[in-house]
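> Quick one: the structure is below, and I'll ask about it shortly.
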Amino acid sequence: MNTPKLILKRGRSKSILRRHPWLFSGGIAKVLGAPDLGSLVAVCDAQDEFLAWAHYSPHSQIRARLFSWQESRVPNGEEFWRERLAQAVALRSGELADAETTACRLVNAESDGVPGLVVDLYGSTLVLQFLTAGSDVRRDLFVELLWDIVNGYLDVERIFERSDVSVRRREGLRERSGLLRGKALEGPITILENGLTFEVDVGGGQKTGFYLDQRDNRQILRGIVQRYVRFQAPPRLLNVFSYTGGFAVYGLSAGAASVVNVDTSEDALAAVRRNLQLNNLDTSLSEDINGSAFKVLRELRQAGARYDVIVLDPPKFAVTQRDVKHASRGYKDINLQALHLLEPGGHLLTFSCSGAISDDLFQKIVFGAALDSGRDIRIVGRMMQSSDHPVALTFPEGAYLKGLICRASKA
Ligand code: SAH
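So for the sequence shown, the working numbering puts the first residue at 581; every next one is plus one.
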């Protein structure tokens, strides 16, 4: 069999030798053979020396996704992918054995050596996203293998697809979602995360239903609230961009005095209430404000509100490099408004999930907000995406979620 080939331009092999998984169209001199959408291709340097195996994305600027640098083993069969997927799942064996946590990410795309494939587990339901041509054309194979592999750990009830994401258009793929295997979905699924209960709307919720990437940071919030309760007083919590109340449930269960949740989604706020109830928490301690954070934070300031702990977890403001300037203004604005609401000595947990905003830039933005607020602010901690969303060292782009724990001075 003749595998199609991509021949690189001279001097363009460096990033590939360093095992970066993306090859951009500008680096390619010639395409030999006639690769289709998602075809296996061999990437070769200008002298026709083999460099890596990849999947072809004819419509995307990222023309090929590289995933193996071993020429002797042609990765075109079931066995190769079985090994890859089993490895990714085995790395989560700690989570899979943890009775207090029944949801986590099992496969994190490029960072687990499977470009474009995301697999999240919610109880006994697997939710898959196929984000690239290469992963999309192998959909049936991946479903088959994952059913097999994950059944080695627990009884899988169903596999559901949530490929209803706009990035697929860049790959020439349409958005798609629905049942792939097993029993039909009947309403939301109940999961445990660090011993707390949440309902997850796998069929219609944001992302694959829940922001699993914030798990470890919700645990950090829990620790902060517990310290207030033990050594000061139960803190008042402001949870901006609350979604279904992940941080609210952790905060109240750790003993916070109250929580205010802000979100534009009414459905999300309704779920906050149900999640508090599922954990037997007092819903009278929780207030929901349905509105845009940009406006609501100003209104809270005018009303003279103050909070001990504020969480700011906005959606991705910058999708591409072109959005960075506009996004920076947005991040600065909400951080400035939040700092006006922070009690002396209070904590601000502030996040950005925009890959295009670097750690360094994010810190500068928060610094700018602190300067304008006139408050004396220090960083007491840094946060990133949860450990089940690893970042391959060869793929720094995988580190999209960043957060700072900031503290205001006492006076
Ligand atoms: N912290 C949450 C995840 C937040 S996701 C968790 O731990 O689960 C971001 C949320 O921001 C979404 O629920 C979205 O509905 C909401 N949102 C988007 N734009 C907003 C805006 N301008 N003001 C308030 N909420 C907004």
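Every residue gets a Cβ at the ideal spot worked out from N, C-alpha and C, and that includes glycine.
In angstroms, rounded to a whole number, what distance separates the CA positions of Leu734 and Ser704?
Each residue's alpha carbon lies about 7 Å from the other.
> Assuming Ala626 and Ile587 make a contact with CB atoms under 8 Å, what is their CB distance in whole Å?
Indeed, because the Cβ distance is near 7 Å, the residues count as touching under 8 Å.
> According to DSSP, is Arg718 helix, strand or coil?
If DSSP states are grouped into helix, strand and coil, Arg718 belongs with coil.
> If you check the beta carbons only, do Gln917 and Leu877 fall under 7 Å apart?
Yes, the Cβ-Cβ distance between Gln917 and Leu877 is below 7 Å.
> For the beta strand (DSSP E) containing Ala609, list its first residue and its last residue.
Element bounds for Ala609: 608 to 612.
> Alpha carbon to alpha carbon, what distance is there between Lys610 and Gly783?
Each residue's Cα considered, the two are about 42 Å apart.
> Just to confirm my understanding: we take His600, look at its own chain, exclude 5 residues before and 5 after, and list those with CB closer than 8 Å. What are they?
Around His600: Leu646, Thr974, Phe975.
> Do you know how far the Cα of Leu686 is from the Cα of Val736?
Val736 and Leu686: Cα-Cα distance of roughly 13 Å.
> As a quick check of your reading: which residues have a C-beta less than 5 Å from at least one non-hydrogen atom of the ligand ATP, in chain order?
Looking for the ligand ATP in the displayed structure turns up nothing; the ligands present are the ligand SAH.
> Looking at C-alpha atoms only, which residue of Ser838, Arg955, Tyr980 is the closest neighbour of Phe897?
The residue with the shortest Cα to Cα distance from Phe897 is Tyr980.
> I need the DSSP call for Ser989, collapsed to helix, strand or coil.
Note: Ser989 maps to coil in three-state DSSP.
> Which two residues bound the contiguous beta strand (DSSP E) that contains Gln901?
From DSSP, Gln901 is part of no beta strand (DSSP E); its letter is neither H nor E.
> Are at least three pairs of beta-carbons, each pair with one atom in the segment 881 to 888 and one in the segment 896 to 915, less than 8 Å apart?
No contact exists between the segment 881 to 888 and the segment 896 to 915.
> If we call anything under 7 Å between Cβ atoms a contact, is Ile993 one with Tyr702?
Since the first residue of the chain shown is 581 and the last is 991, residue 993 is not available in this structure.
> Less than 7 Å between the C-beta atoms of Lys990 and Gly948, yes or no?
No.
> Within the same chain, show all residues whose beta-carbon is closer than 6 Å to that of Asn870, passing over the 5 residues directly before and after it, in chain order.
Closer than 6 Å at the Cβ level, and outside the excluded window around Asn870, lie Glu846, Leu849.
> Taking a contact to mean a Cβ-Cβ separation below 7 Å, would you say Tyr887 touches Leu858 in this structure?
Their beta carbons are not under 7 Å apart, which means Tyr887 does not touch Leu858 by this criterion.
> Three or more C-beta pairs under 8 Å: does that hold for the segment 819 to 832 against the segment 777 to 794?
The answer is yes - the segment 777 to 794 touches the segment 819 to 832, with three or more Cβ pairs under 8 Å.
> When you compare each of Ala764, Glu741, Leu817, Leu892 to Leu865 by their alpha carbons, which one comes out closest?
Looking at the Cα atoms, Leu817 is the closest of the given residues.
> Distance, Cα to Cα, Thr930 vs Tyr636?
Whole-angstrom Cα-Cα distance: 38 Å.
> Excluding the 5 residues preceding and the 5 following Glu923 in the sequence, name in chain order all residues of the same chain whose CB lies nearer than 6 Å to its CB.
Closer than 6 Å at the Cβ level, and outside the excluded window around Glu923, lie Arg886, Asp888.
> Closest to Ser619 by C-alpha separation, out of Lys585, Ser652, Trp649, Glu651, would be which residue?
The residue with the shortest Cα to Cα distance from Ser619 is Lys585.
> So Arg756 packs on Ser743, CB below 8 Å; how close in whole Å?
Sure, about 5 Å apart at Cβ, within 8 Å.
> Taking its Cβ as the centre, do 16 or more other Cβ atoms sit within 10 Å of Trp649, making it buried, or is it exposed?
By the 10 Å Cβ count, Trp649 comes out exposed.
> Is the beta carbon of Val960 less than 7 Å from the beta carbon of Asn915?
Against a cut-off of 7 Å, the Cβ pair of Asn915 and Val960 comes out as no contact.
> Can you check whether the CB of Thr863 is closer than 7 Å to the CB of Arg854?
It is not a contact, given that the beta carbons lie outside the stated cut-off.
> Taking the straight line between their C-alpha atoms, what separation do you get for Arg592 and Ala936?
Roughly 23 Å between the two C-alpha positions.
> From the DSSP output, read off the bridge partner residues of Gly618.
Paired residue(s): none; Gly618 is not in a bridge.
> Which residue wins for smallest C-alpha separation from Ser938, given the options Leu671, Gln901, Lys594?
Among Leu671, Gln901, Lys594, the Cα nearest to that of Ser938 is on Gln901.
> Short of 6 Å in beta carbon distance, which residues of its chain neighbour Arg992, apart from the five on each side in sequence? Order them along the chain.
Residue 992 cannot be examined here, being either before or after the span of the chain that is shown, 581 to 991.
> Under the DSSP definition of a beta bridge, which residues are partnered with Asn870?
Answer by DSSP bridge pairing, in chain order: Asp843.
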